[in-house]
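What follows is a short report on a single structure.
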Amino acid sequence: MKKIYIVLIFLLAMAACRVPQKLALQPQTDESISSIFKADSVNSAKLGYQTFIADKDLKNIIDTVLAYNPDLKNAIQRMEYAKAQSRISNAYLYPQVNLFPQSSLRKFGLYTMDGAGNIVTDMEKGKVIPVHLPDFYLGAQSSWEIDLWSKLKNRRKADYARFLASTETKNLIQTGLIAEVARLYYEWKAAQQNKSLLEETISLQQEVVALARVQKEAGQITELAVQQFFAQLKNIEGMLKSVDLEMINIETSLNILVGKKIKQDILHVSKNASQKLPNVYAGLAYDLIQNRPDLRQAEWMLKASNYDVASARAAFYPSLLLNSMVGLQAYRTGLLFNLPSSLAYSVIGGFAGPVFNRAIIKAEYSKATAMQQEALNNYESTLNKSLLEVSQQIKTIEQLREMFNAKEMEASTLKTSIETATDLFKTGRANYLDILLARQNALRANMELIDIKKEQFIARINLYRALGGGWR
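Pasting the structure below:
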């Protein structure tokens, strides 16, 4: 036995000296990331969308999409798959026990030690062992790989980390859905406002066309002026049809997100819907790691890859295997429960060390380290993208605020110019080109003002998503 132990220790030492060095990669958490954008003490991403979004109509649409979206449902199923895989890995840490009822019939050759001995040996008093020997067994078998080097524990940790990463995939889809629904909703609101503006302008333009025809009959203007006013009316009517088509496209996009045809009234926007822009606070730059689902997912995948490398490294060491069985065994079923004579058991333990299959283990280790480096690169890339997205949205919000203020002053001035041009036209002190140009410019400015307001809402929702809001 001493010689056996010496050989085993030698084999273990030989295996250990050729095991790769331990390698666990960690993401770089440079504190200088805080300087990339101006931070607030509060982070809006910690608010659920029900709290962050004040518009009840938008919240109703978001609730409907989250309840029926097929991509979100599939993400939940992938979570269940990852959870089951984690349970499977955990089960391998414990002995695998199986019930093992068995019956067999054996015949030994007469020119063998067993066969020659059986024909002269009594199994029971006055009964020689039969040539055709039945064997009945009722018991349990177990096998257990004792996790000396934490190979199985690291596999379990890796699968659990992937399960947690799958929950972040679901959260990532949810935040994306909320941002997309909000974008479509604000585009719908803008289209509805443009439609109201165009309908009002068409009504006023019809009055101008009627007035131009009266003035033409009175000889004050020519037929050319009437045609120009009428052509402008038709142009605005065409713009109205384009807005109607845009609203149909938005409805189709929402139907795709829901995965079925939504109720018509879900797209209704109340006249008293909030026009107030939601406040968004960026918090600290480092808060992104705590809130953004894609960053959290990348971090869990990096942890899983570290555990995979540790497990692959442990495979270079010999495994300790333990097999056992215990049960009742007899050549007749009537004797199975004749205890303790029918009791049978065995215990076998031994080391299984990699020798000729070492090339496979090396390849598995190389694969694990490559995946580990890929996970680290993905994490760092996601972190960089996250910081840039937040910085971009903050700058966009600032620029849109300045654009809105300038465009609001322009629209107010042009509204006054329409009234002035109309009064001058009625008294003959301005020609039809003046009023045409004034109406065109005013309509353009008002529609651009609506569009900038829409972009302001979308930019704030995009910042909320970029910060990782929407999944809590």
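Per the working numbering, the very first residue in the sequence shown carries number 1311; after that it's consecutive. Ideal Cβ placement from N, Cα and C applies to all residues, glycine included.
In angstroms, rounded to a whole number, what distance separates the CA positions of residue i and residue j?
i: Ser-1345; j: Tyr-1591; result: Here the model assigns Ser-1345 a pLDDT of 48, short of 50, so the residue's position is not dependable and the matter cannot be decided.
i: Ala-1678; j: Ala-1620; result: 9 Å
i: Leu-1587; j: Ile-1707; result: 11 Å
i: Ala-1731; j: Gln-1502; result: 28 Å
i: Ala-1799; j: Ala-1654; result: The structure shown does not extend to residue 1799, since the chain spans only 1311 to 1782, so no value can be given for it.
i: Gln-1600; j: Ala-1471; result: 16 Å
i: Gly-1644; j: Arg-1397; result: 41 Å
i: Asp-1761; j: Leu-1462; result: 58 Å
i: Gln-1387; j: Asn-1481; result: 13 Å
i: Lys-1705; j: Ser-1354; result: 17 Å
i: Val-1636; j: Ser-1656; result: 7 Å
i: Ile-1343; j: Glu-1699; result: Any answer about Ile-1343 is weak, because its pLDDT of 46 lies below 50 and its placement is not dependable; what the coordinates show is given next. Near 13 Å, if we compare the C-alpha coordinates of Glu-1699 and Ile-1343.
i: Leu-1420; j: Leu-1646; result: 27 Å
i: Lys-1366; j: Leu-1494; result: 15 Å
i: Ala-1535; j: Glu-1718; result: 30 Å
i: Ser-1414; j: Arg-1642; result: 11 Å
i: Gly-1358; j: Arg-1782; result: 5 Å
i: Gly-1529; j: Glu-1729; result: 23 Å
i: Tyr-1742; j: Ala-1541; result: 13 Å
i: Gln-1537; j: Arg-1749; result: 16 Å
i: Leu-1686; j: Met-1713; result: 41 Å
i: Gly-1427; j: Glu-1434; result: 15 Å
i: Ile-1658; j: Ala-1680; result: 38 Å
i: Thr-1562; j: Ile-1372; result: 15 Å
i: Asn-1370; j: Ile-1670; result: 55 Å
i: Ser-1506; j: Val-1524; result: 28 Å
i: Met-1423; j: Ala-1673; result: 47 Å
i: Arg-1466; j: Gln-1360; result: 36 Å
Beta-carbon separation of residue i and residue j under 8 Å?
i: Asn-1400; j: Tyr-1617; result: no
i: Met-1611; j: Ser-1476; result: no
i: Phe-1446; j: Gln-1639; result: yes
i: Ser-1691; j: Ala-1776; result: no
i: Ile-1558; j: Leu-1508; result: no
i: Ile-1456; j: Leu-1630; result: yes
i: Leu-1368; j: Ala-1522; result: no
i: Ile-1512; j: Leu-1550; result: yes
i: Leu-1632; j: Trp-1459; result: no
Establish whether the CB of residue i and some CB of chain B are separated by less than 8 Å.
i: Val-1438; result: Here chain B cannot be found, since the structure has a single protein chain.
Which word fits residue i, buried or exposed, when buried means at least 16 other C-beta atoms lie within 10 angstroms of its C-beta?
i: Arg-1770; result: buried
i: Asn-1715; result: exposed
i: Lys-1437; result: exposed
i: Pro-1603; result: buried
i: Leu-1409; result: exposed
i: Ser-1651; result: exposed
i: Gln-1412; result: exposed
i: Pro-1440; result: exposed
i: Asp-1469; result: buried
i: Glu-1341; result: Residue placement at Glu-1341 is flagged as unreliable, the pLDDT there being 47, under the threshold of 50; a coordinate-derived value is accordingly withheld.
i: Ile-1745; result: buried
i: Glu-1517; result: exposed
i: Leu-1747; result: exposed
i: Glu-1765; result: buried
i: Ala-1392; result: buried
i: Gly-1779; result: buried
i: Gly-1593; result: buried
i: Ala-1721; result: buried
i: Arg-1754; result: exposed
i: Leu-1598; result: buried
i: Gln-1709; result: exposed
i: Ile-1429; result: exposed
Can you give me the Cβ contacts of residue i inside the same chain, cut-off strictly under 7 Å, excluding the 5 residues immediately before and after it?
i: Tyr-1689; result: Pro-1337, Ala-1608, Glu-1609, Leu-1612
i: Ile-1483; result: Asp-1381, Leu-1382, Ala-1385
i: Glu-1533; result: Lys-1526
i: Glu-1490; result: Leu-1567
i: Gly-1425; result: Phe-1418, Gly-1419
Excluding the five sequence neighbours on either side, which residues of its own chain have a C-beta within less than 6 Å of the C-beta of residue i, listed in chain order?
i: Ser-1452; result: Pro-1405, Val-1407, Ser-1634
i: Leu-1773; result: Val-1590, Gln-1703
i: Leu-1543; result: Gln-1515, Val-1519
i: Ala-1614; result: Ala-1468, Ala-1471, Arg-1472
i: Phe-1767; result: Tyr-1496
i: Leu-1474; result: Trp-1610
i: Gln-1395; result: Asp-1469
i: Tyr-1402; result: Leu-1462
Cutting at 8 Å between CB atoms, please list the residues of its own chain near residue i, excluding the five before and the five after it.
i: Glu-1478; result: Pro-1603, Asp-1604, Arg-1606, Gln-1607, Trp-1610
i: Tyr-1675; result: Pro-1330, Val-1619, Ala-1622, Arg-1623, Ala-1625, Phe-1626
i: Asn-1751; result: Leu-1724, Ser-1727
i: Arg-1711; result: Gln-1766
- Item | Contact between the stretch 1443-1457 and the stretch 1372-1389 (3+ Cβ pairs under 8 Å) | no
- Taking three-plus beta-carbon pairs below 8 Å as touching, is the stretch 1489-1501 in contact with the stretch 1552-1565? yes
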